[in-house]
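Residue numbers (the numbering used here), protein chains in the order written: chain B, 81 to 399; chain U, 385 to 454; chain C, 49 to 365. All residues carry an ideal CB built from backbone N, CA and C; glycine is no exception. For clarity, every value in this text was computed on a predicted model and none was experimentally measured.
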Amino acid sequence: MNELSASSRITYRAVMVRPGVARRIRGLSDRTLAWLFITPTIVLLLAINIFPLLWTIYLSFTNYRANRANVPTIWLGADWYQSILTDPDIWAAMQVTAHFVIWTVVIETVVGFGLAYLIDKKFRGHGLWTTIILLPMMLSPAVVGNFWTFLYQPQIGLFNYMVAFFTGRDASSFQMLGDVTLSPWAIVIVDAWIWTPYVMLICLAGLRSIPDYIYEAAEVDRASKWRQFWSITLPMALPFIMLAVLFRGIENFKMFDMVNLLTGGGPGSTTEVASITLKRAAFESWRTGYSSAFAIILFVTVFGLANIYVKALNKVKSR
Amino acid sequence: MSLDATPSIPSRGLADRVLRRGPLEAGATMIIAAGVVMLMQPFSLTLYSWSFATTLFGTVMFTIVSKVRE
Amino acid sequence: MTSATTAHSVVEPSATTRRFAGSLVVLYAIITMIPLVWIMLTAFKSPDDAISYPPKVMFKPSLEGFCNLFTTRSRQTPEFIRSLGPPQGLCDSIARSRNMVVAGPSNYVPRFVNSLIIAFGSTVLAVALGTLSAYGFSRFRVPLKDDLLFFILSTRMMPPIAVAIPIYLMYRTVGLSDTRLGMILLYTSVNVSLAVWLLKGFIDEIPREYEEAAMIDGYTRFQAFVKVVLPQATTGIAATAIFCLIFAWNEYAFAVLLTSGNAQTAPPFIPIIIGEGGQDWPAVAAGTTLFLVPIVVFTVLLRKHLLRGITFGAVRK
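Listed below in structure tokens is the structure:
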């Protein structure tokens, strides 16, 4: 690109001599141009994200109900926040969320890191197999998650058949989605199936960022493979693992798609994660003010974690 | 991990600052993390009640701290 | 390859290790593919084969799932069906063998078209806005740059349900509820954050010297951007576009909460494909298969850039 082609020079001269738009743009300083380039994005985000957010904050202090817009709106102060933060049912929903977040993140990290470690051995055809493993992550969690309700059918489902085949239990003796103890695990399994490749991909980048000479030095020092793993591989890959853990944690904290389709929160409220509770309050009982307060609580939590995530992102960037 | 090793990365300024205000930011991070744990722990309703205030405080602190130079 | 073997002989894994690692990874890949393969197999099963016990791996392929996906049918008496003329096309004859007649097309095609319009519309917008902003952030001294970038990213992290409440109210007020335009704007706002971060990474990698040389030649900054930077960033823009496309294509939460008929996309529609007596699994599988195939193709095209995409451009390699 050192020399521009003759034809583009001609076009450029044509642009130069034409008065109007080109002249006006040419006259712009870098500073104006910078704002011209950035403003549309900021305006869009202000309109579609920030304005609604401020409105939610306002609504969270009122008794507004979206299905009864004519009822006069009363200022309630922090009443909704107080009632949500002392409500044992919401607290229970948070613990359901915690169970889901912790187990998915633990399983995805352990399996994902393990897979990355194995793929890093660069066996023949690892590129192809890596791409195959990545597929579930790219597909719509809702559409694929919905199909898992078929795999989980007690009599006809493939999952139950497989479990029955390997454990000798009767395939119709357990219901993954209908059973109080099993349904939280049913959603963990599907989430792990979808998102383990995500953790794997980031861990793989971490492992590949470790320069060979460190291992060579360790070999010279006659450090055992086990020792090398614990004092080189793991610490050097840790920022990447943290990045993956944080992102999966945030995403699963607000998980909605898959749970809504697989169990819809049931049976009872055993899989009712925070998003499902919020959806029920907002779009089924239409308690708009109340659900706005709940939304703000979830939002602040996610926002706080996002700060930490960006910090982790920058840490990885400087590698 | 010296910063000079990666001169091509334009956001070095940010990394620089993170390093300098390390302790404050680490404190804010811990408070946010504590708030999140309080929100989801199964042991005490009182801790749950105070989780939102804690997370909010941590987040505000984080935002302010990242503005302070030095 | 061969020269590397001698240079890194100390750290290169042995042949046995490789074979062992390889077989474990292949085993995982096969297990992880089973549900996807099962979706495709179910799409070509007859309803009886789909719900048989034990699950059938070998079966007589049938297009009934696809027929049921694209048509609505109504049950009729055998006498009525005999009184009709010869069946029109394959689907009609399959339906008649089950004592039904094809009543009309289903909603799958309109939903699929909605998905296409909304996904492409929001992608074009997000990439256009994202390219401009990314260039602005990459090349110019912008006050509060880091804060703006964080603000842009944080909008993507918001829980969809929390955003959906005020968006629902706002769209109801301005008449955008259940419209394609409304969904395009919403998806654009979610995608633009990814586009800015990803494209900033790509544009950062284009040496400033190219533009500076062009500007010395008499180009203005804007012309240098159009004629020098944009062509250099084509790969990055394409990769970003595919990421935005995949997100908009896959999105479910906003679609299920904010659309009901007119602008509904395929993801909220596929789970509610119902046959007689419960879900019509071959039809659901057929709809799912058609919906997933484009993404599989895109994933293969995008595999070199996936890592960038999922880390907002932070991890490049």
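Legend entry - Which residues DSSP lists as bridging glycine 326 of chain C, in chain order: C:Gly323
Legend entry - Cβ neighbours of phenylalanine 374 of chain B in the same chain (closer than 7 Å, five flanking residues each side left out): Ile164, Leu358, Ala361
Legend entry - Rounded straight-line distance, which links the Cα of glycine 345 of chain B to that of valine 339 of chain B: 7 Å
Inset, instruction - Give the straight-line distance between the Cα atoms of serine 237 of chain C and phenylalanine 68 of chain C, rounded to the nearest whole angstrom. - result: If I take the Cα positions, the gap works out to 46 Å.
Legend entry - Endpoints, the beta strand (DSSP E) within which alanine 210 of chain C is located: Counting along the chain, alanine 210 of chain C falls outside any beta strand (DSSP E), though it belongs to the alpha helix (DSSP H) covering 208-222.
Inset, instruction - Could I get the ranges of all uninterrupted beta strand (DSSP E) runs contained in the segment 116-199 of chain B, with 3 residues as the minimum, in chain order? - result: none
Legend entry - Below-8 Å beta-carbon distance, valine 341 of chain C vs any chain B residue: no
Inset, instruction - Residues of the segment 369-397 of chain B with a CB closer than 7 Å to any CB of chain U: list them in chain order, please. - result: Ile377, Val380, Thr381, Phe383, Gly384, Leu385, Asn387, Ile388, Lys391, Asn394, Lys397
Legend entry - Which residues DSSP lists as bridging valine 150 of chain C, in chain order: C:Arg121
Legend entry - Selected residue, minimal CA-CA separation from arginine 269 of chain C, among C:Ala77, C:Arg123, C:Phe188: C:Phe188
Inset, instruction - Note down, in chain order, every chain B residue with its Cβ under 7 Å from the Cβ of leucine 354 of chain C. - result: Leu214, Leu281
Inset, instruction - For the alpha helix (DSSP H) containing glycine 184 of chain C, list its first residue and its last residue. - result: 156-187
Inset, instruction - Report the residue from B:Val123, B:Arg328, B:Tyr389 whose alpha carbon sits nearest the alpha carbon of leucine 177 of chain C. - result: B:Val123
Legend entry - Beta carbon proximity, glycine 419 of chain U to chain B, threshold 8 Å: yes
Legend entry - Residue environment, methionine 218 of chain B, which counts as buried when at least 16 other CB atoms sit within 10 Å: Under the 10 Å beta carbon count, methionine 218 of chain B is surrounded by 16 or more other beta carbons and is classified as buried.
Inset, instruction - Can you give me the Cβ contacts of isoleucine 99 of chain C inside the same chain, cut-off strictly under 8 Å, excluding the 5 residues immediately before and after it? - result: Trp329
Inset, instruction - Going by CA-CA distance only, name the one from C:Val276, C:Thr336, C:Leu247 that's closest to alanine 287 of chain C. - result: Measuring from the Cα of alanine 287 of chain C, the nearest candidate turns out to be C:Leu247.
Inset, instruction - Could you spell out the range, first to last residue, of the alpha helix (DSSP H) harbouring glycine 442 of chain U? - result: 429-449
Inset, instruction - Could you tell me how far apart the beta carbons of isoleucine 118 of chain B and glycine 184 of chain C are, in whole angstroms, since I believe they sit closer than 8 Å? - result: Confirmed, about 4 Å.
Inset, instruction - Return the CA-CA distance between methionine 396 of chain B and leucine 281 of chain B, expressed in angstroms with no decimal places. - result: Reading off the sequence shown, one finds valine at residue 396 of chain B, where the question assumed methionine. Looking at the two C-alpha atoms, the distance is approximately 14 Å.
Inset, instruction - Within its chain, find whatever has a CB closer than 8 Å to the CB of leucine 341 of chain B; leave out the 5 residues flanking it on each side and keep chain order. - result: Sequence-distant Cβ neighbours of leucine 341 of chain B in its own chain, meaning closer than 8 Å and more than five residues away, are Ala222, Gly225, Asn226, Thr229.
Inset, instruction - Would you tell me roughly how many angstroms separate the C-alpha atoms of arginine 103 of chain B and serine 181 of chain C, rounded to the nearest one? - result: At arginine 103 of chain B, the pLDDT of 48 sits below 50, so the modelled position is not reliable; the number obtained from the coordinates is stated separately. Going from the Cα of arginine 103 of chain B to the Cα of serine 181 of chain C covers about 22 Å.
Inset, instruction - Tell me whether the beta-carbon of asparagine 116 of chain C lies closer than 8 Å to the beta-carbon of isoleucine 129 of chain C. - result: no
Legend entry - Neighbouring residues, chain C, relative to asparagine 332 of chain B (Cβ below 7 Å): Correct list: empty, because the minimum Cβ distance to chain C is about 11 Å.
Inset, instruction - Evaluate lysine 334 of chain B with the Cβ neighbour count: other Cβ atoms within 10 Å of its Cβ, from every protein chain shown; 16 or more gives buried, anything less gives exposed. - result: buried
Inset, instruction - For my contact list, threonine 430 of chain U and isoleucine 416 of chain U are in at a C-beta cut-off of 8 Å; report their separation, rounded to the angstrom. - result: About 19 Å separates the two Cβ atoms, so there is no contact after all.
Legend entry - CB contact check: valine 345 of chain C to chain B, cutoff 8 Å: With 8 Å as the cut-off, valine 345 of chain C does not count as an interface residue toward chain B.
Inset, instruction - Say whether chain B places a C-beta atom closer than 8 Å to the C-beta of glycine 284 of chain C. - result: no
Inset, instruction - To the nearest angstrom, report how far apart glutamine 235 of chain B and valine 105 of chain C are at their CA atoms. - result: Distance between the alpha carbons of glutamine 235 of chain B and valine 105 of chain C is about 16 Å.
Inset, instruction - Using a threshold of 8 Å, state whether the C-beta atoms of alanine 174 of chain C and aspartate 226 of chain C are closer than that. - result: No. Outside cutoff.
Inset, instruction - Output the distance between the C-alpha atoms of histidine 206 of chain B and valine 279 of chain B, rounded to the nearest integer angstrom. - result: 17 Å
Inset, instruction - Could you tell me the boundaries of the alpha helix (DSSP H) in which phenylalanine 374 of chain B lies? - result: 368-397
Inset, instruction - Look up methionine 49 of chain C in the DSSP assignment and say whether it is helix, strand or coil. - result: Its pLDDT being 38, under 50, methionine 49 of chain C is placed unreliably in this model, and the value from its coordinates should be taken loosely. Coil, per DSSP.
Inset, instruction - Find out if the Cβ-Cβ distance for the pair leucine 323 of chain B, isoleucine 199 of chain B is shorter than 8 Å. - result: no
Inset, instruction - Would you kindly check if the distance between the Cβ of glycine 329 of chain B and the Cβ of leucine 378 of chain B is under 8 Å? - result: Not in contact: leucine 378 of chain B and glycine 329 of chain B (Cβ atoms no closer than 8 Å).
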